[in-house]
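For the protein sequence lines, the chains are A and B, in the order given.
Taken in order, the first sequence gives residues 333 to 538; the numbers are from the working numbering.
Taken in order, the second sequence gives residues 8 to 333; the numbers are from the working numbering.
Below is one structure, written out as structure tokens; comments come after it.
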Amino acid sequence: MVDLGSGEGAGQVDADRARRVAWVASRIMPHEPGVRRWLARSRLPHDQIDDLVQEAYCRFAAMASLDHITQPQAYFFQIIRSLIVDKMRQARVVRIETVTEIEALPVITDEPSSERIVAARRELAEVMLLISQLPDRCRSVFQLRKIEGLSQKEIAAKLGVTETIVENDVAKGMRIISRALREGPDRNLALAVKKDDEKRRDRRRD
Amino acid sequence: MRRGETAEEIDDAAFAWVARLDRLDLTSDLQAELEQWLAVDTRRQGAFLRAQAIWQSLDRASRIDAQPEINDVTGRVSPGPERELRRPARRAWIGGGGALIAACAAGLVWQANEGGAISTARGEVRHVPLPDGSTMLLNTQSRVRVAMRPHERRLKMSSGEAWFQVQRDPARPFIVEVGSVRVRAVGTAFSVRQRDLGVEILVTEGVVEAWLVGREANRIRLSAGQKAMVAETSPIKQLDTAPSELDRRLAWRSGRIDLAGETLAEAVEEFNRYNARQIYVAQPELNSRKLYGIFRVDDPDGFSRAIHYSLNAQISTSNSLIIIGG
Chain A
333 MVDLGSGEGA GQVDADRARR VAWVASRIMP HEPGVRRWLA RSRLPHDQID
383 DLVQEAYCRF AAMASLDHIT QPQAYFFQII RSLIVDKMRQ ARVVRIETVT
433 EIEALPVITD EPSSERIVAA RRELAEVMLL ISQLPDRCRS VFQLRKIEGL
483 SQKEIAAKLG VTETIVENDV AKGMRIISRA LREGPDRNLA LAVKKDDEKR
533 RDRRRD
Chain B
8 MRRGETAEEI DDAAFAWVAR LDRLDLTSDL QAELEQWLAV DTRRQGAFLR
58 AQAIWQSLDR ASRIDAQPEI NDVTGRVSPG PERELRRPAR RAWIGGGGAL
108 IAACAAGLVW QANEGGAIST ARGEVRHVPL PDGSTMLLNT QSRVRVAMRP
158 HERRLKMSSG EAWFQVQRDP ARPFIVEVGS VRVRAVGTAF SVRQRDLGVE
208 ILVTEGVVEA WLVGREANRI RLSAGQKAMV AETSPIKQLD TAPSELDRRL
258 AWRSGRIDLA GETLAEAVEE FNRYNARQIY VAQPELNSRK LYGIFRVDDP
308 DGFSRAIHYS LNAQISTSNS LIIIGG
């Protein structure tokens, strides 16, 4: 029995996977809002931005090793940039200011300034603050799981609900946080919650 | 790209997986099910990695500020201050580039009231406050002689393009003279550009009248949103334009060239008005390609790079020339 993240007795594969997740969480995710803002400024529509960001994470998932990446932020932008160029080559109608914008951003040779690192971390920290603003039971679940370190099973017992409900709250909380991360932490979390409720109403499964 | 599931739907499924894996021990059955889900679409692998990263970063929520580990500097020389400053500067044009105009205005308050000529170099846009309270914005390579008289304000343009915001004064008509073309305003805003084929007039506010010397009876009235081409050799053409079209045509006021379906040939002609570094199209078949986008007038390199990517054209450059295609 192996936790996907812990790698206990599971050999190198799980350990690598866990290391990769940790690296992405600390080195890549903090820059996601910046990447999204940059893409939004290039007037790309929302769904295309979602696709690009997702594909960039695919690249990180597919790489044999991440050890060679010494400048994750620049690398993140670089991946997005090459994805856009690929798409532009395929597309027939192209808004060329997208390219100008991309060209204008000197990320490849840029060393991240300490201010920007601090800003990126603050941004992530703001997203994390969102835990405290999650809807009631969802918030309790996240606090018990992430701050007190209880298992989902223990949380279910403590709150007097089924484990499935706890699991669904975990998924729901992540959806809301992801949506807030996507739209920038300054966006209204209530909006992300409302959107989530609306979306789930139709395709609910229990 | 593959469609079907949206990025958001894939994300949601990935969160469900992470929540489930957090609850259950990973049996080989569950592992197989996960592998199967991931194998269907590579996008799912990205979404799953991101979902795991979000889940894990929540662990760090309480101690993120204490982490010294995020340090990407690899020992190279750190950027100088001008490097850091350049970034916002390069972006400034997106917001409207008013800085360019302000910078020009700061250096110049024009005071003469009779016979003073004002001109701009290539690439220069100059904001000229006139003594009557009107404003003249002079585009690249333009020359205007200003004469403020008691009963008339007369501006004689010998080359180029200018936009005027006219202080209302019914007793003193405001007349722009370009060759034999006259444009008269009372209180209004409009632009006048000398082109090969004639004089182009765009009206942004109010009403102007335009006519040719000797043919005063055939004067036209243009109101906001209209443009006209006035020439000796052809009848006056008067057209309505959309407000967005006017803004586009006057984008030079904020240092921009705004293309919306103009051909490469037209765009190149525009850039060459502003820059000593001229663009030359060596592959004539590219000339008719239509372009969309907003550029800085002083960035022909950025423009040519965009052309390189969007038209898949070779670009070669030297100090004085940018060659597209060929």
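Note that CB positions come from ideal geometry on N, CA and C, so glycine has one too.
Count the other CB atoms, across all protein chains shown, that sit within 10 Å of the CB of residue i; report buried if there are 16 or more and exposed otherwise.
i	result
Ile17(B)	buried
Ser230(B)	exposed
Tyr389(A)	buried
Pro404(A)	buried
Gln233(B)	buried
Ala23(B)	buried
Gln74(B)	With a pLDDT of 33 at Gln74(B), under the threshold of 50, the modelled position of that residue is not reliable, and the figure given next carries that caveat. Counting Cβ neighbours within 10 Å, Gln74(B) comes out exposed, since fewer than 16 surround it.
Arg228(B)	exposed
Lys478(A)	buried
Lys504(A)	buried
Asn500(A)	buried
Arg160(B)	buried
Asn319(B)	exposed
Asp399(A)	exposed
Pro242(B)	exposed
Leu144(B)	buried
Gly104(B)	Reliability fails at Gly104(B), whose pLDDT of 31 lies under 50, so the model's placement of it is uncertain and the value that follows must be treated cautiously. Buried, because 16 or more other Cβ atoms sit within 10 Å of the Cβ of Gly104(B).
Arg133(B)	buried
Could you compute how far the alpha carbon of residue i sits from the alpha carbon of residue j?
i	j	result
Ser464(A)	Ile360(A)	23 Å
Val188(B)	Arg156(B)	20 Å
Asp19(B)	Asp383(A)	14 Å
Asp528(A)	Ala21(B)	15 Å
Ala396(A)	Ser64(B)	22 Å
Tyr281(B)	Val304(B)	6 Å
Cys470(A)	Gly481(A)	15 Å
Trp170(B)	Ile330(B)	32 Å
Val367(A)	Ala192(B)	48 Å
Ala154(B)	Ala124(B)	9 Å
Pro365(A)	Arg50(B)	19 Å
Gln59(B)	Arg312(B)	38 Å
Gln174(B)	Thr142(B)	8 Å
Asn225(B)	Thr240(B)	14 Å
Leu298(B)	Ala372(A)	20 Å
Val275(B)	Asp379(A)	33 Å
Glu12(B)	Trp44(B)	13 Å
Tyr316(B)	Asp36(B)	47 Å
Ser126(B)	Leu137(B)	14 Å
Lys244(B)	Met236(B)	5 Å
Ala14(B)	Gln52(B)	12 Å
Arg507(A)	Asp306(B)	42 Å
Out of the options, point me to the one whose CA is closest to residue i's CA.
i	options	result
Val385(A)	Ile416(A), Glu480(A) and Gly505(A)	Ile416(A)
Glu131(B)	Leu31(B), Thr142(B) and Gln148(B)	Gln148(B)
Gly140(B)	Ser166(B), Glu223(B), Ile125(B) and Thr195(B)	Thr195(B)
Lys419(A)	Glu387(A), Arg511(A), Glu480(A) and Ala372(A)	Glu387(A)
Leu253(B)	Val288(B), Glu207(B) and Tyr316(B)	Glu207(B)
Gly205(B)	Asp305(B), Ala217(B) and Leu144(B)	Ala217(B)
Phe55(B)	Arg349(A), Phe409(A) and Ala372(A)	Arg349(A)
Ala250(B)	Val210(B), Tyr287(B), Glu223(B) and Asn282(B)	Contrary to the premise, residue 250(B) reads as Pro rather than Ala in this sequence. Of the listed residues, the one whose Cα sits closest to Pro250(B) is Val210(B).
Gly332(B)	Tyr287(B), Arg303(B), Lys163(B) and Arg179(B)	Tyr287(B)
Leu334(B)	Gln321(B), Pro177(B), Val199(B) and Ser295(B)	Absent from the structure is residue 334(B), since the part of chain B shown begins at 8 and ends at 333.
Ser166(B)	Val183(B), Glu40(B), Gln172(B) and Leu219(B)	Val183(B)
Trp259(B)	Ala128(B), Asn146(B), Ser35(B) and Gln52(B)	Asn146(B)
Asn294(B)	Gly300(B), Leu271(B) and Asn279(B)	Leu271(B)
Arg27(B)	Gln172(B), Phe278(B) and Trp62(B)	Trp62(B)
Phe392(A)	Pro377(A), Phe408(A) and Thr402(A)	Phe408(A)
Per the DSSP calculation, residue i is bridged to which residue(s)?
i	result
Gly123(B)	Val153(B)
Lys297(B)	Thr270(B)
Phe197(B)	Phe171(B) and Val210(B)
Tyr287(B)	Ile330(B)
Lys504(A)	Partner(s): none; Lys504(A) has no beta bridge.
Thr13(B)	Answer is none; Thr13(B) lacks a bridge partner.
Gln233(B)	Asp247(B)
Ala192(B)	Phe181(B) and Val215(B)
Glu159(B)	Arg156(B)
Arg514(A)	Bridge partners of Arg514(A): none, in fact.
Val498(A)	None, per the DSSP bridge assignment.
Val356(A)	Looking at the DSSP assignment, Val356(A) forms no beta bridge with any residue, so it has no partner.
Residue ranges of each beta strand (DSSP E) within the segment 235–284 of chain B, 3 or longer = Annotation note: the segment 235–284 of chain B contains the following uninterrupted beta strand (DSSP E) runs of length 3 or greater, listed N- to C-terminal: 244–247 and 263–270.
Curious, which full-length alpha helix (DSSP H) runs of at least 4 residues does the segment 358–382 of chain A contain? Taken in chain order, the complete alpha helix (DSSP H) segments of 4 or more residues contained in the segment 358–382 of chain A are 364–373.
Secondary structure, beta strand (DSSP E): runs of 3+ residues fully inside the segment 204–229 of chain B:
Listed in chain order, they are 205–212 and 214–219.
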